[in-house]
Amino acid sequence: MDDRSIAYFSMEIALDEGMPTYAGGLGVLAGDTIRSASDLGIPMVAVTLLYRKGYFRQRLEQDGWQQEEPVQWSVEDFLQEVPERTAVMIEGRTVHLHAWRYDVKGLSGHIIPVYLLDADLPENSEWDRTLTHYLYGGDHHYRLCQEVILGIGGVKMLRAMNYHNIERFHMNEGHAALLTLELLDEKARSAGREVISRDDIEAVRRRCVFTTHTPVPAGHDQFSLDLVAQVLQRDEFMEMKDVFCLNLARHVLEEGKKVSEMEDVHALNMTYLALNLSHYVNGVAKRHGEVSRMMFKDFSIDSITNGIHAATWASLPFQELFDRYIPGWRQDNFSLRKAFGITKTEVHKAHMRVKEDLINYVNQKAGAGMDMEIFTVGFARRATPYKRLDLFFTDIGRLKAISEKHGQLQVICAGKAHPQDTEGKELIKRIFRFREQLKDHISVVYLQDYDLRLAKMIVAGVDLWLNTPHPPMEASGTSGMKAALNGVPSLSVLDGWWLEGHIENVTGWSIGERNSNGAEDNERLRDAQVLYDKLEHIIIPMFYENKDRYIEVMRHAIAFNGSFFNTQRMMQQYVLNAYFR
176 MDDRSIAYFS MEIALDEGMP TYAGGLGVLA GDTIRSASDL GIPMVAVTLL
226 YRKGYFRQRL EQDGWQQEEP VQWSVEDFLQ EVPERTAVMI EGRTVHLHAW
276 RYDVKGLSGH IIPVYLLDAD LPENSEWDRT LTHYLYGGDH HYRLCQEVIL
326 GIGGVKMLRA MNYHNIERFH MNEGHAALLT LELLDEKARS AGREVISRDD
376 IEAVRRRCVF TTHTPVPAGH DQFSLDLVAQ VLQRDEFMEM KDVFCLNLAR
426 HVLEEGKKVS EMEDVHALNM TYLALNLSHY VNGVAKRHGE VSRMMFKDFS
476 IDSITNGIHA ATWASLPFQE LFDRYIPGWR QDNFSLRKAF GITKTEVHKA
526 HMRVKEDLIN YVNQKAGAGM DMEIFTVGFA RRATPYKRLD LFFTDIGRLK
576 AISEKHGQLQ VICAGKAHPQ DTEGKELIKR IFRFREQLKD HISVVYLQDY
626 DLRLAKMIVA GVDLWLNTPH PPMEASGTSG MKAALNGVPS LSVLDGWWLE
676 GHIENVTGWS IGERNSNGAE DNERLRDAQV LYDKLEHIII PMFYENKDRY
726 IEVMRHAIAF NGSFFNTQRM MQQYVLNAYF R
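Read in order, the letters of the sequence shown correspond to residues 176 to 756 in our numbering.
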């Protein structure tokens with residue numbers, strides 16, 4: 176086991192369609208990251224939690240109100256239990272842990288083992304046994320206990336399995352930041368000390384890599400120091416606040432404030448902990464790197480734009496097409512730029528095969544009566560206000576007029592709201608109301624329980640991918656990348672990855688300006704107006720009246736964006752910039 180030098184920690188990882196160990200984009204990216212790492216032969220091992228009851232199964236009522244149901248799955252059908260055990264201290268008591276292994280096998284046969292930590296053991300209390308049951312479940316107390324298991328328990332489990340030569344610990348978001356505390360303890364113990372020193376901090380910093388994924392405040396976990404003291408029962412958080420809470424020393428020097436005056440001093444901020452104890456930090460797109468440097472002005476933050484695992488997200492018809500025209504594309508994703516050499520007829524034929532599967536599925540599940548020949552718009556993502564899933568429906572009258580005068584359209588939507596996000600749930604209900612208002616003019620379907628299987632169908636089967644978040648809140652976004660790989664162009668706000676992938680009328684179309692800074696209400700109306708104008712005057716006429724030109728945009732989406740926005744390129748950047756320097 177000593178040949179592994181990279182340990183990748185993530186709160187969620189999408190490994191298999193039958194395993195509910197992910198909630199959304201962060202977990203899907205983590206799964207794609209590990210797949211590409213295995214393809215490239217990177218000496219990695221990965222750690223996450225088991226989630227016996229998953230995130231949740233979404234059931235939508237008649238009016239669109241979301242109900243959450245536990246997910247049932249058989250752990251033994253997918254995973255192999257490992258014999259090693261370890262334990263963590265939570266609130267002064269011992270919580271025993273074991274792990275399950277899932278092997279990710281790369282194209283060359285290289286295997287990356289993923290270990291899923293499990294506290295559901297008879298020697299633990301009933302409550303402790305539930306700590307690895309629910310992904311993003313419970314309150315702050317439950318979440319902090321989970322993050323103790325992931326970070327501290329993860330390092331301890333790796334050591335129990337004889338992973339002693341790990342040089343880099345990669346934290347995929349701040350949930351795993353407590354792994355730094357265990358590494359600090361290891362350094363102190365190796366020096367025969369019980370107390371952490373400043374030299375230990377520098378040594379640990381050299382070994383840690385941190386990827387921050389969101390500018391949204393809710394995405395940065397914070398825990399009150401009272402709760403931290405209760406759960407961890409350690410003194411360092413008060414004695415070394417500049418490390419564990421935020422970079423207070425610089426704030427005090429720059430702002431002339433006393434420590435007691437700092438608002439953040441009463442919370443453990445997992446993002447600041449990871450920032451303080453990492454030698455390399457990155458955002459997940461060029462624009463997100465800029466936003467992160469503004470948010471965390473005391474830190475050096477690079478950017479590595481996210482990607483997707485091409486062999487996973489290319490639909491079967493396009494895989495067959497690429498195999499014929501671009502042999503070796505799985506091993507060399509950059510070669511997909513040769514998609515220009517695929518005939519337009521073949522591209523259209525492959526797309527129609529995927530679209531047929533999607534339309535048949537939608538009609539079977541929703542009784543929607545959708546038509547293969549009608550222009551189909553798709554958007555699917557987490558239902559939360561800043562994602563603006565309802566922007567498309569801002570002007571119902573305008574939508575009706577576009578469909579009547581310029582060409583029919585139909586819409587396929589999907590996405591879950593977090594169980595505690597009431598505004599997100601109300602957003603889904605609003606879309607159901609819009610569906611009713613449009614039913615005699617435009618067919619709108621909201622598919623329930625969005626997951627990996629459904630995502631693969633939707634991103635590849637629609638004719639246009641729509642993305643409408645409020646900038647600059649979209650750190651990266653990867654759904655549009657998945658669509659592009661399958662020849663589906665985007666109509667998207669200029670934020671996240673689309674700032675890098677967008678070429679107007681070539682790879683797709685933009686909504687809004689590159690540096691939008693207007694009032695949110697005005698910006699929303701302006702973005703909706705641009706969206707409708709592009710559909711009415713450019714996209715729908717091109718689809719119906721100049722199909723050759725539309726297919727040319729589809730080919731460009733594959734050649735320009737499919738060839739670059741992949742995790743193969745992304746992992747090569749991590750190797751060069753973060754792992755081995």
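C-beta: ideal position from N, C-alpha, C; glycine also. In this text, all values refer to a predicted model and were calculated from it rather than measured experimentally.
DSSP, read as helix, strand or coil, puts leucine 215 in coil. Taking 8 Å as the cut-off, the beta carbon of leucine 292 is found closer than this to the beta carbon of leucine 325. Non-local C-beta neighbours of threonine 682 in its own chain, meaning closer than 8 Å and more than five positions away in sequence, comprise Ala659, Pro664, Ser665, Gly676, Val728, His731, Ala732, Phe735, Asn736, ordered along the chain. For leucine 450, the closest alpha carbon among the candidates His350, Tyr561, Phe231, Leu310 is that of His350. DSSP places threonine 569 in the coil class of the three-state scheme, outside both helix and strand. Per DSSP, reduced to three states, the secondary structure at arginine 744 is helical.
Between asparagine 741 and serine 490, the beta carbon gap of about 15 Å keeps them out of contact (Cβ cut-off 8 Å). In the DSSP assignment, asparagine 347 falls within the beta strand (DSSP E) that extends over 343-347.
The alpha carbon of tyrosine 725 has as its nearest neighbour, out of Arg499, Ala703, His523, the alpha carbon of His523. Per DSSP, asparagine 642 is one residue of the beta strand (DSSP E) stretching across 639-642. Looking at the backbone, the Cα of alanine 335 and that of threonine 223 are separated by about 16 Å. The segment 676-727 is shown to contain whole beta strand (DSSP E) runs of 3 or more residues at 683-686, in chain order.
For aspartate 293, the enclosing beta strand (DSSP E) covers residues 286-293. Counting along the chain, asparagine 444 sits inside the beta strand (DSSP E) bounded by residues 442-444. For tryptophan 240, there is no enclosing alpha helix (DSSP H), as DSSP marks it with neither H nor E.
Your pair leucine 354 and phenylalanine 184 checks out as a contact, with CB atoms roughly 6 Å apart and the cut at 8 Å. By the neighbour-count criterion, in which a residue is buried when 16 or more other Cβ atoms sit within 10 angstroms of its Cβ, isoleucine 286 is exposed. In this structure, the beta-carbon distance from glycine 281 to glycine 216 falls below 8 Å. The continuous beta strand (DSSP E) containing aspartate 278 extends over residues 268-280. The residue from Ile534, Gly229, Asn457 with its alpha-carbon nearest to that of glycine 193 is Gly229. Within the same chain, and ignoring the five residues on either side of arginine 573 in sequence, the residues whose Cβ sits closer than 6 Å to its Cβ are Tyr707. From the listed residues Val705, Ile209, Phe554, Gly652, the smallest Cα separation to aspartate 638 is found for Phe554. In chain order, His271, Leu272, His273, Ala335 place their CB closer than 8 Å to the CB of arginine 260, counting only its own chain and leaving out the 5 sequence neighbours on each side. The C-alpha of threonine 269 lies about 35 Å from the C-alpha of serine 213. Comparing C-alpha distances from valine 406 to each of His316, Ala592, Asp477, Met346 shows the shortest one belongs to His316. Contact annotation: the segment 523-533 touches the segment 543-557, with at least three C-beta pairs closer than 8 Å.
Between the C-alpha atoms of phenylalanine 471 and arginine 557 there is a straight-line separation of about 25 Å.
Around the beta carbon of threonine 208, 16 or more other beta carbons sit within 10 angstroms, so the residue counts as buried. For glycine 636, the CB contacts under 6 Å within the same chain, skipping 5 residues up- and downstream, are Val529, Lys530, Leu533 in chain order.
Within a 10 Å sphere around the beta-carbon of aspartate 507 sit fewer than 16 other beta-carbons, which makes this residue exposed.
Here arginine 234 carries a strand assignment [DSSP, helix/strand/coil]. Taken atom to atom, the span from the alpha-carbon of lysine 580 to that of threonine 480 is near 40 Å. Contact between phenylalanine 550 and phenylalanine 718 holds, with the beta-carbon distance rounding to 5 Å and staying under 8 Å.
Taken atom to atom, the span from the alpha-carbon of proline 716 to that of lysine 722 is near 9 Å.
Taking C-alpha positions only, glutamine 494 is separated from asparagine 444 by approximately 44 Å. Contact annotation: alanine 541 and valine 620 have beta-carbon atoms nearer than 8 Å.
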